[in-house]
Amino acid sequence: MNIKRIMTGPIQENCYLISNEQAVLIIDPGEDAQKIISEITTIGQQPVAILLTHTHYDHIGAVEELRHHYQVPVYVSPLEQAWLGDPMMNLSGLGRHDDINNIIVQPAEYEFELKDYLLGNMRFTVVPTPGHSIGSVSFIFDDFVVSGDALFRGSIGRTDLPTGNLEQLLTSIQTQLFPLPDEFPVYPGHGDATTIERERNTNPFFN
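Numbering follows numbering that gives the first Met the number 0, with no gaps: position 37 of the sequence shown is 36.
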């Protein structure tokens with residue numbers, strides 16, 4: 000399985016392309032749809048789904064263009080399904096960036112259950128990691144995890160946005176992510192990758 004990080008948009012959100020010899024999963028296409036399409040063309044496999052860790056604007060800006068280009072379904076937490084079409088809840092309506100205003104994404108075709116999935120012959124488990132937002136989830140693959148905006152290298156996600164909760168986020172990380180093997184790479188929604196061991200032992204929010 001291959002992992003390609005694509006930094007998108009004005010705040011350098013990480014979109015990930017997870018691929019094998021059969022298919023591609025698109026995780027959190029935040030902006031720059033044509034850049035993502037170009038990378039997928041290089042991989043040479045077709046996407047089978049768009050997976051969202053949560054629905055803040057910097058993670059969903061390219062969803063509509065990609066879903067129509069590839070004719071693939073979108074998966075999202077049921078707790079944030081409505082946020083896709085609500086610029087105030089997905090934060091695009093707050094005027095933070097001149098070129099990002101009122102992002103409206105059509106409803107996702109599927110709402111995540113907290114269970115194992117097999118898409119494009121790639122197996123992963125959806126686990127709840129709320130605290131940055133109420134519907135935030137992480138994706139645990141066989142030997143790595145995509146953490147969205149829950150856990151970062153040396154930090155954690157913001158908790159001062161709507162439905163954010165610091166204690167809930169700390170509990171999410173401790174119960175859902177830190178039990179993973181030490182050597183597990185963590186691929187966050189912003190910044191560089193890290194490992195479970197590094198964050199368990201050195202992250203200032205836990206040490």
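Ideal Cβ placement from N, Cα and C applies to all residues, glycine included.
Exposed or buried, residue i, counting other C-beta atoms within 10 Å across all chains shown (16 or more means buried)?
i    : result
G134 : buried
D141 : exposed
S37  : exposed
D191 : exposed
How long is the line joining the alpha carbons of residue i and residue j, rounded to whole angstroms?
i    : j    : result
T174 : T41  : 37 Å
T162 : H131 : 7 Å
V47  : C14  : 15 Å
I10  : L113 : 29 Å
Q21  : L117 : 13 Å
Please check if any C-beta of chain C sits within less than 8 Å of the C-beta of residue i.
i    : result
N202 : Included in the structure is just one protein chain, with no chain C present.
At what residues does the alpha helix (DSSP H) containing residue i begin and finish?
i    : result
V62  : 62 to 69
R122 : Counting along the chain, R122 falls outside any alpha helix (DSSP H), though it belongs to the beta strand (DSSP E) covering 121 to 127.
A32  : 32 to 42
In this structure, how does DSSP classify residue i when only helix, strand and coil are distinguished?
i    : result
H58  : helix
L118 : strand
N1   : strand
L90  : coil
N206 : coil
Measuring alpha carbon to alpha carbon, tell me which of the options ends up nearest residue i.
i    : options               : result
T54  : M88, I172, V47        : M88
G147 : I59, W82, S18, E196   : I59
Q45  : R4, R157, L16         : L16
G156 : E79, G119, T124, N202 : N202
T124 : E110, F111, I139      : I139
I103 : E79, L83, N120        : L83
Considering residue i, what are the terminal residues of the beta strand (DSSP E) in which it resides?
i   : result
I50 : The sequence shown places Leu at residue 50, rather than the Ile named in the question. L50 -> beta strand (DSSP E) spans 46 to 50.
E12 : 12 to 18
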